[in-house]
Every structure is written in structure tokens, then in C-alpha cells.
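Protein chains: 2
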Amino acid sequence: MAGLKTTDHYHHGDLRNALLQAAERLLQERGVGGFSLRDVARAVGVSHAAPYRHFRDKGTLLRALTGRGFERLRAALADAVAGQRGPEQSLIAATRVYLQTTVQDPGMTRLMFGGVIPAQGDDDITLRLSSVREVLVGIIKAGLAVGAYRDREPRELALVAWSSMHGLAMLIDSATLDVEPDDTEQLDALARSVAQIVLYGISRS
Amino acid sequence: MAGLKTTDHYHHGDLRNALLQAAERLLQERGVGGFSLRDVARAVGVSHAAPYRHFRDKGTLLRALTGRGFERLRAALADAVAGQRGPEQSLIAATRVYLQTTVQDPGMTRLMFGGVIPAQGDDDITLRLSSVREVLVGIIKAGLAVGAYRDREPRELALVAWSSMHGLAMLIDSATLDVEPDDTEQLDALARSVAQIVLYGISRS
DNA sequence: GGATAAAGTTTACAATGTAAACATTGTTCG
DNA sequence: CGAACAATGTTTACATTGTAAACTTTATCC
Numbered sequence: 001m002a003g004l005k006t007t008d009h010y011h012h013g014d015l016r017n018a019l020l021q022a023a024e025r026l027l028q029e030r031g032v033g034g035f036s037l038r039d040v041a042r043a044v045g046v047s048h049a050a051p052y053r054h055f056r057d058k059g060t061l062l063r064a065l066t067g068r069g070f071e072r073l074r075a076a077l078a079d080a081v082a083g084q085r086g087p088e089q090s091l092i093a094a095t096r097v098y099l100q101t102t103v104q105d106p107g108m109t110r111l112m113f114g115g116v117i118p119a120q121g122d123d124d125i126t127l128r129l130s131s132v133r134e135v136l137v138g139i140i141k142a143g144l145a146v147g148a149y150r151d152r153e154p155r156e157l158a159l160v161a162w163s164s165m166h167g168l169a170m171l172i173d174s175a176t177l178d179v180e181p182d183d184t185e186q187l188d189a190l191a192r193s194v195a196q197i198v199l200y201g202i203s204r205s
Numbered sequence: 001m002a003g004l005k006t007t008d009h010y011h012h013g014d015l016r017n018a019l020l021q022a023a024e025r026l027l028q029e030r031g032v033g034g035f036s037l038r039d040v041a042r043a044v045g046v047s048h049a050a051p052y053r054h055f056r057d058k059g060t061l062l063r064a065l066t067g068r069g070f071e072r073l074r075a076a077l078a079d080a081v082a083g084q085r086g087p088e089q090s091l092i093a094a095t096r097v098y099l100q101t102t103v104q105d106p107g108m109t110r111l112m113f114g115g116v117i118p119a120q121g122d123d124d125i126t127l128r129l130s131s132v133r134e135v136l137v138g139i140i141k142a143g144l145a146v147g148a149y150r151d152r153e154p155r156e157l158a159l160v161a162w163s164s165m166h167g168l169a170m171l172i173d174s175a176t177l178d179v180e181p182d183d184t185e186q187l188d189a190l191a192r193s194v195a196q197i198v199l200y201g202i203s204r205s
């Protein structure tokens, strides 16, 4: 049985998770560049080659991290949607949360959406990603069920909503838009503005 | 006078531009990762330290490249808008071109919007970037002038349009959406779909 | 025509990702 | 119980990279 004593002996006990955790912290602090496997090893207090017993290479570790990121995004979205009354409020809330989650941790966001990682081919990521999509599609379907939206494929409408919130998030994250990431008021205002117009756009005229 | 003879002597003649050109090609071929200054130097046939006479460091070269990217995007957008009749067609055309330009060269796109570079503080980039924005704002203003759109700040409406096309582009570029980058038909269809709904959204009901 | 600046080169170094060989610990089966 | 074996760490080694420093060659200017 794996001892929880975390004795600083030869075997760590739960190195894989410790590495992921440290990596996540470093990612937040120094961004996706300036992120070295050796630093991660150092942070955990283990030799620089030790991570290779748990991850084939740097990319594999990063991919595992990415999975966590998508899972958190999914959870945040699902939470946001859960507490809302109608599909309209849901979409606005989702947009707000998407923006917040994504701007709050730029390192993770870049990892997830920056194309650093070959996400294709990774089943875990593909799965979690489609879970994120499903939340958005779910919002749209709810609206369609009430007859509030234009009669189109749910996926098509969801894609527009997703693109809008995602684009806004990326523009902010890449500093293309000059927005203070900590100014939640401004963030919420932007989210509402965009979500509102998307709602106009997908609603029956 | 700077000789154009390009003799392979000690002095290259126009190394700065040669480096940028080679760098752009490498960026396309190998992406923003796997992009080494030394490779660039090699490609031009010059010692690995030579680039430092023209660029303070790797980041500076990349920033110069980024500038080119934004300029091309601006030009492409301006061109697309120029040949259109009304603001509606302009927006659709702009979306299509934005998508195309951005998906066609993922390396450059990631460089421009991937947050690899500290774009803030670079006057050149800031300028070119706001030129891009101005094209979009221009489209909106044209629509507002005809009284076609909701009475809001042009910048607000432009932001929605920008977010939508940008988000769609980024989702495709990051392989989050499973779209063949070469399938221009599908790309155009997506662009039209998104632009159409944005138009619905910003139009007077 | 010689001083000086500009543009290249060579040499050097520290950091990184990763492979290979080795060491230590936990586990399993006679 | 103890010996084989697998799992998990460590050390050593190497090629690649970014970048600094010292040196060399060419162009320019009085």
C-alpha cells in the first residue's frame, strides 16, 4: 500500500501528482515559456530525470496539465449554468465564467488553446474538450426547446456563442485588448455586452 | 551605397531582411516552437551570432515578424472590405478573410495572438494592431451611418464582431474545432454562418 | 590614407530536454 | 524467508539553444 508518510526517502510515494501540482504552479507564475521540466523536478525536490519515470517527455506532462485545465473549465461552466433560470441568463453567465476562468490563468489558457500541444490524438483531451462543448450545446438546446431561438442546428448556434466568448477571451488574454485581467467589473461588462448581442443574433426576430 | 551584388563576402548587404524572411519561412514550416535563432542564421548562411548585430535578442526578431503579420492581416481585411457593396457584405467578407489569413499560417497566427511575445510596449505592433481594429470599426460605422445597426458605440459593436471572427479562427487554429485548414469551402461556410448571426445581433430588430 | 564605426566570426558558458547506465526500494513467488 | 524482478530514483553524458565577449574584416569619413 502506498504510504502517505511522504518520508523523504528514495521513493516519493506520489511523485506523478506532485509533479503535476508543481508544474501547474510554475505555469501560473512564469507562463508557458520559461517553464522547464528541470524546474518542476527541482520544485518537488527530486532529480531532473525523475519526471521521465512518469511522463514520456515534457509534452506528455503538459498534455496531462491541459486535461486538468479543460476539466476545470467544464466544471466552472456547468456550475454557472446550473444556477440560472432561463437559457438567456445561462448564456450570459457562461460567457462571464468562460472569460473569468480563462483570463485568470493565462498560462493554462495558452497551454489549452495556444497550440503548444498537439491536442489531436490525445483521447483524454478530446473527451474533456467535447464535454466543454456539450455544456454550451446544452444551453442552446434548452433555448431551442422553449422555441426562443432560430431554427438551426444546435451545434451551429453553439459554435457562434462559443466563438464569441472564446474570441473575447483570447483577445484579452493575448493583450490585444487592453483590459486589466483583475478588473472583474470590466470583464463582466464585456461579457454581458457580447453575450447580449449574440442572444439578439440567435433569437427569433 | 549599398551594393545589391549580394557577394558572399564578409558583409551580407541586407542581412536584417534576409533574416526576417528566413525566419518567416521557418515559422511556417516548423511552427513557433522548434524555431531557433541558430536555424535562422544557418538558413541565411551566416554565423549563429550574426543576428545579434540586428536584433537585440530572439524576442526582438519575433516581434519584428509579428509586425509583418499584423500588417498583412490589416491589408487583407482592407482589401476584402474595399470590393464590397454594403456593410453587411463587408462584414461577411472580412470574417472570411480573417479566417483564411489566420488559418493559413498557424505559426504566424500563434506568434501574433499566442501571447508568446510581450506585445505591450512595442509601439510598432500597437500601431499596426489598432489599424486592424480600425478596419473593423470602419465597417460598423458604415452600417451605423445607414442606420442599419443598433444605436451603440461603434467600438462595442466592432468588438463583438471581432471577438466572433477571432474566436472562430482561434478555435480552428488550436485544433479545438476539427476543421481541415485547407478546406476553404468549409471555412467560408463557417465564416458566413458566424457573420450572419452577428449581423442579426447587431442589426436593429 | 588612416581612424573609427558597422557588421561578421569564433569562442565560451549556462540552461535545457533527453537518453543510458546505475542504485535503491517494494513486491511476488519459490 | 529470501531471491528474483519490476518500479522508481539518481548520476552522468550529450546535443541544442540563447546569449555574452573578444576578435576580425570591411565600409565610411575627415
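Just so you know, the protein sequences line up as chains A and B, in that order. Sequential numbering from 1 applies to the first sequence in this note's numbering. Sequential numbering from 1 applies to the second sequence in this note's numbering. The C-beta atom is built at its ideal place from N, Cα and C for all residues, glycine as well.
Asked, Found
"Meets three-Cβ-pair contact criterion under 8 Å: the stretch 150-169 of chain B and the stretch 70-80 of chain B", "no"
"6 Å Cβ shell around Ala18 of chain A - same chain, five flanking residues per side excluded", "Val44"
"The ligand GTP heavy atom lying under 7 Å from the CB of Leu91 of chain B", "Of ligands this structure carries none, so the ligand GTP is not represented either."
"Members of the stretch 184-202 of chain A near chain B, C-beta cut-off 7 Å", "Ser193, Val194, Ile197, Val198, Tyr200, Gly201, Ile202"
"Selection from B:Ser174, B:Glu134, B:Leu171, B:Met170 that minimises the alpha carbon distance to Arg155 of chain B", "B:Glu134"
"Nearest-angstrom Cα separation, counted from His9 of chain A out to Asp265 of chain B", "The shown model of chain B, from 1 to 205, leaves out residue 265 of chain B, and the question about it has no answer."
"Pair within 8 Å by beta-carbon distance, Val160 of chain B and Gly201 of chain B", "yes"
"Glu180 of chain B at chain A interface by Cβ criterion, 8 Å", "no"
"Beta-carbon spacing of Gly59 of chain B, Ile117 of chain B below 8 Å", "yes"
"Residues that Tyr149 of chain B bridges to, as DSSP identifies them", "B:Ser203"
"Other residues of its chain near Val132 of chain A: CB distance less than 7 Å, five sequence neighbours each side excluded", "Phe70, Leu73, Arg74, Leu77"
"Limits of the alpha helix (DSSP H) - the one that Ala158 of chain A falls within", "154-173"
"Rounded distance between the beta-carbons of Thr102 of chain B and Asp173 of chain B, thought under 8 Å", "6 Å"
"8 Å CB neighbourhood of Leu111 of chain A in its chain, flanking five on each side removed", "Leu27, Val32, Leu62, Leu65, Thr66, Gly69, Ile117"
"Ala148 of chain B and Arg85 of chain B closer than 8 Å at C-beta", "no"
"Cut-off 8 Å between Cβ atoms - residues of its own chain near Leu37 of chain B, not counting five sequence neighbours on either side", "His48, Pro51, Lys58, Leu61"
"Contact with chain A by Asp173 of chain B, beta-carbon distance below 8 Å", "yes"
"Residues of the stretch 101-112 of chain B whose Cβ lies closer than 7 Å to any Cβ of chain A, in chain order", "Pro106, Arg110"
"Segment limits, alpha helix (DSSP H) that includes Tyr98 of chain A", "87-104"
"CB contact check: Gly167 of chain A to chain B, cutoff 8 Å", "yes"
"Local conformation of Ser193 of chain B per DSSP, three classes", "helix"
"Extent of the continuous alpha helix (DSSP H) to which Gly59 of chain A belongs", "58-82"
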